[in-house]
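Trainee: Last residue of the sequence shown: 296 (my numbering), numbering continuous.
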Amino acid sequence: MKFCCYSCPCCLLCIFATILLGGAIAAIIISFLFKSNTNTTSITIVTSTTSATSTSGTTSTSATTSTSATTSTSATTSTSVTTSTSATTSTTTTTVSISSTLSRLVSNNDTVVGIWNTTAGGNSSPSTTGGNVGNYWTGEVPTNVFDNNTNTKYTSFGYCNSTGSSYRACGQNTGLYVTSQQGASLLFGIQFCTANNQPSRDPMTVTVEGSNNTASTLTLGSSWTLIYNGSTGLDTDPGRKVCGSILYILSNYIAYVSYRILITSQRAFDEAVQYSALKLLG
Ligand SMILES: [Ca+2]
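1) Determine the extent of the beta strand (DSSP E) in which PHE202 is found, giving its start and end residues.
2) Which whole-angstrom value is the C-beta distance of GLY235 and GLY135, which I expect to be below 8 Å?
3) In this structure, how does DSSP classify PHE206 when only helix, strand and coil are distinguished?
4) For TYR181, which of ASP124, SER138, ARG281 has the nearest alpha-carbon?
5) Might you give, ordered along the chain, the residues of its own chain that have their beta carbon closer than 6 Å to the beta carbon of ASN146, omitting 5 neighbours on each side?
6) Is SER272 helix, strand or coil when you go by DSSP?
7) Is ASN158 a contact residue of ligand 1, with contact defined as CB to any heavy atom under 6 Å?
8) For ligand 1, any of its heavy atoms closer than 6 Å to the Cβ of ASN210?
9) Taking buried to mean at least 16 other C-beta atoms within 10 Å of its own C-beta, is GLN195 buried or exposed?
10) Using beta-carbon positions only, say whether LEU248 and ASP216 come within less than 7 Å of one another.
11) Let me know the secondary structure DSSP gives SER259 once reduced to three states.
12) With distances taken from CA atoms, which of VAL127, VAL256, TYR150, GLU223 is nearest TYR267?
13) With DSSP run on the structure shown, which of helix, strand or coil describes ARG118?
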């Protein structure tokens, strides 16, 4: 029996037909094999809990991610956090009882020295009578603030003079120090009283220092200990020849024989600072 040979046209047609038939069968098989990859697969992912801190309440976060491809993936992230934190603050309040009958620790009979160009902790520069820089006005001397009379005043020009000035800090760093004849006393409060005119000259802030050193060393800044730094009690103008609020000094527990008072600011522009009374109370 003789089979087809490649030279026979009939056999060539037969071989060609066989190849076509084989290709068709292969295509069907491949199509079947890859058919499953067109299915959609869903995956759900739940993330771990995220920590958060808030004083109170609930924090909720929701996020959804979707990817489309031959394989479809769906991911859902949901976070819900509730955190409550409580904080306790402890406040210690110290109450100091002060006698309602505070008395004046100094008078105009005590030794008073007017000063200018002086800051707390620094050396004192004595001032003198006159109408120029570093002077206090004639008749308006430092002892006037301790005479228990609001009709007299202490006027210090500081960095300015009596011809007038638009400089707001003329009276800054002026003041006085006083040594009490009655000896060391514990200072519990201070009180300023305004002069007869020119509210712009009112002292607004002040430092108070104490010392138990001898008189000859009181010009040295090292002789003084700062016990107060703040308002004069004249924040709101009380009127002319009127006293402001008593300012209590509660952080000082040392009795001093001498006190130094320095004006650190005044109400407004003027060529001097002035006040009718300064009460050192204890
Ligand atoms: Ca006075």
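C-beta atoms are modelled at their ideal positions from N, C-alpha and C, and glycine is treated no differently.
Mentor: In short:
1) In the sequence shown, the residue the question calls residue 202 occupies position 188. Neither: PHE202 is in no beta strand (DSSP E) and is coded neither H nor E.
2) By one-based count along the sequence shown, residue 235 stands at place 221. By one-based count along the sequence shown, residue 135 stands at place 121. The Cβ separation is near 5 Å, so the contact holds.
3) As a working note, residue 206 is residue 192 in the sequence shown. PHE206: strand per DSSP, three-state reduction.
4) Here residue 181 is taken as the residue at index 167 of the sequence shown, counted from 1. Here the closest residue by C-alpha is ARG281.
5) Mapped onto the sequence shown, residue 146 falls at position 132. ASN175.
6) As a working mapping, residue 272 is identified with position 258 in the sequence shown. Here SER272 sits in strand by DSSP.
7) On the sequence shown, position 144 is the one that residue 158 refers to. Indeed, a heavy atom of ligand 1 lies less than 6 Å from the Cβ.
8) For the purposes of this step, residue 210 is identified with residue 196 of the sequence shown, where counting begins at 1. Flag unset: Cβ of ASN210 not near ligand 1.
9) The residue given as residue 195 occupies position 181 in the sequence shown. GLN195 is exposed by the Cβ-count criterion.
10) In the sequence shown, counting from the first residue as 1, residue 248 sits at position 234. In the sequence shown, counting from the first residue as 1, residue 216 sits at position 202. Yes, the pair counts as a contact, with Cβ atoms nearer than the cut-off.
11) Against the sequence shown, residue 259 aligns to sequence position 245. Coil, per DSSP.
12) Against the sequence shown, residue 267 aligns to sequence position 253. Comparing Cα positions, the closest option is GLU223.
13) Indexing the sequence shown from 1 puts residue 118 at position 104. DSSP places ARG118 in strand when its eight states are reduced to three.
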